[in-house]
Amino acid sequence: MFSIVVEATSFKGLSKVAQHKMITGILKDEIRDMHGLSITTKAPK
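With the sequence shown counted from 1, adding 143 to any position gets you my numbering.
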């Protein structure tokens, strides 16, 4: 299983779905063949 954890100020005010779409859009070529991928995102407090 693969796991990606990202904390970024650019996530502030975005839904989890929007945050995940941002990450998958940026990493689409790298994660294309990954199965069992977990993405965790959050904005700093």
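Don't be surprised by glycine CBs; every beta carbon is placed ideally from N, CA and C.
Simplified DSSP state of residue i, which is helix, strand or coil
i, result
"residue 188", "coil"
"residue 158", "coil"
Nearest-angstrom beta carbon gap, residue j and residue i [assumed within contact, 8 Å]
i, j, result
"residue 166", "residue 149", "6 Å"
"residue 179", "residue 145", "6 Å"
Residue span of the alpha helix (DSSP H) that contains residue i, given as start and end
i, result
"residue 172", "171-174"
Limits of the unbroken beta strand (DSSP E) element including residue i
i, result
"residue 153", "Unbroken run through residue 153: none, as it is neither H nor E."
Pick from the options that is closest to residue i, judged by C-alpha positions
i, options, result
"residue 184", "152, 156 and 162", "162"
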